[in-house]
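In the working numbering, the protein residues as written are 22 to 228.
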């Protein structure tokens, strides 16, 4: 496929870029500074700004799919979604957040959002809240074929094992906690790109 990847040099964006290239896809890496994009076969680096909707839509056009891996707190959700819609690309995959996932915690019934748990770290609250808003906007979207992939609570550098579990709206965890590596997250996202099974849905990945 020919994929437009917004945010290709970030922690997860760089892993998604590597995964796409490894599987033989061609990528337009859309970033603020194209010089930061590694020289890889099948990758074209383009300068783009998510705040400039008209220019971004032109960059996104004529691709098979769009992946966005950008921070929610500094992104205008409505503007980015409008640019994706204007580009006329068939599919849109979003690197989501864990804050909107449901948890069962103590006396709190299943259905409590992770962001609303008493021990949710204050340092991540602004980003998590913006991620919840982004997901709500996608769920109200009438035109786009979107998918929002939420990571586990701990989203960290690690190994590409290819061994993980998928879920829907419930935070995944095991005896070691709730974790997924950037590398295995990238595997799950590109799997979804190649074999869509969560059209117009959120899903999650964890160990």
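We put the beta carbon where it would ideally sit given N, CA and C, even for glycine.
From the listed residues 186, 55, 32 and 158, the smallest Cα separation to residue 99 is found for 158.
Per DSSP, reduced to three states, the secondary structure at residue 31 is coil, with no helix or strand assignment. Assigned with DSSP and collapsed to three states, residue 132 falls in strand. Separation of residue 42 and residue 62 (C-alpha to C-alpha, rounded to the nearest whole angstrom) is 7 angstroms.
Here the alpha carbons of residue 57 and residue 35 stand approximately 10 angstroms from one another. When secondary structure is reduced to three states using DSSP, residue 65 falls in the strand class. For residue 224, the enclosing beta strand (DSSP E) starts and ends at 222-227. Minimum Cα-Cα distance from residue 192 among the listed residues 32, 119 and 217 corresponds to 119. For the pair of segments examined, the stretch 140-154 was found not to touch the stretch 216-228: the number of CB pairs separated by less than 8 angstroms stays below three. Under the 10 Å beta carbon count, residue 223 is surrounded by 16 or more other beta carbons and is classified as buried. Using a Cβ distance threshold of 7 angstroms, residue 26 and residue 116 do not count as a contacting pair.
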